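Q:
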Amino acid sequence: MEKNNVGSVCLFLQLLTLRVQKMFIKKELKKYTWQQYMNILLHDAYHTGQIIQLRKLQGSWPTHRSYL
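For the sequence shown, counting from 1, position 30 maps to 29 in numbering that gives the first Met the number 0; every step adds exactly one.
In structure tokens, the structure reads:
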């Protein structure tokens, strides 16, 4: 896994949120409400955190990172 994966995940979630907002504004999302989409995004973020925590506990997550 790349050293800046957490940043990549956060960026992905932000971009996905913006995409959902854009679709919602364009009335392309008719089946679900904005709150339901946000619930899905938060649910995915929660499980991403679980994966990171498990990798840290098993020692497969780097302890030090450099983003420069």
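Quick reminder that beta carbons are idealized off the backbone N, C-alpha and C, glycines included. Just so it is clear, the structure is predicted and the values come from calculations on it, not from any experiment.
Following the continuous alpha helix (DSSP H) through T62, name the residue where it begins and the one where it ends.
A: Locating residue 62 in the sequence shown gives position 63, where the first residue counts as 1. No alpha helix (DSSP H) contains T62, which DSSP labels as neither H nor E.
Q: Compute the distance between the beta-carbons of D43 and L10, then report whether it is under 9 Å.
A: Residue 43 sits at position 44 when you count from the first residue of the sequence shown. Residue 10 sits at position 11 when you count from the first residue of the sequence shown. No, Cβ-Cβ distance for D43 and L10 is not below 9 Å.
Q: Go ahead and label M0 buried or exposed: buried means 16 or more other beta carbons lie within 10 angstroms of its beta carbon, across all protein chains shown.
A: One-based indexing of the sequence shown puts residue 0 at position 1. For M0, the predicted model reports a pLDDT of 44, less than 50, meaning its position is unreliable and no value from the coordinates is stated.
Q: Are the beta-carbon atoms belonging to L40 and V19 less than 9 Å from one another?
A: Counting from one through the sequence shown, the residue named residue 40 turns up at place 41. Counting from one through the sequence shown, the residue named residue 19 turns up at place 20. Taking 9 Å as the Cβ cut-off, L40 and V19 qualify as a contacting pair.
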